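Residue numbers (the working numbering): 752 to 821.
Note that the Cβ used here is the ideal one computed from N, Cα and C, for glycine as well.
Keep in mind it's a predicted model, so treat the numbers as computed, not measured.
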Amino acid sequence: MTGAQHPARAKARGCTAGVILAAASGIYPATYHPYFAIPGLVSAAIFAMVAASYRREAHEAATQDPRSTP
């Protein structure tokens, strides 16, 4: 990927935004009852794992092609 960002890097950014939104949607209902936070926090954890996977993929692609931008 010469001179352009790897697509996995953009996907990782999107998943990071998903983590923030899912955490917020998990914390807000917790003001009513703590158990209501569980679905939002679980989805935030899943988004975080997917984002880490995409970051690793982008990092591996950047190390294989030294011309790509990090």
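CA-to-CA distance, residue j to residue i, given in whole angstroms
i      : j      : result
Ala795 : Gln815 : 30 Å
Ile789 : Thr767 : 19 Å
Phe798 : Tyr783 : 24 Å
Residue from the options whose Cα sits closest to the Cα of residue i
i      : options                        : result
Val793 : Ala759, Lys762, Ser776, Arg764 : Ser776
Gly765 : His810, Ala812, Ala803         : Ala803
Residues of its chain near residue i, where Cβ-Cβ distance is below 6 Å and the 5 sequence neighbours each way are ignored
i      : result
Gly791 : Ala773, Ser776, Gly777
Arg760 : Ala809
Ala763 : Ala802, Tyr805, Arg806
Neighbourhood of residue i by C-beta, 7 Å cutoff - its chain only, sequence neighbours within 5 removed
i      : result
Ile771 : none
Phe787 : Pro780, Ala781
Residues near residue i by beta carbon distance below 8 Å, same chain, minus five either side
i      : result
His757 : Glu808, Ala809, Ala812, Ala813, Ser819
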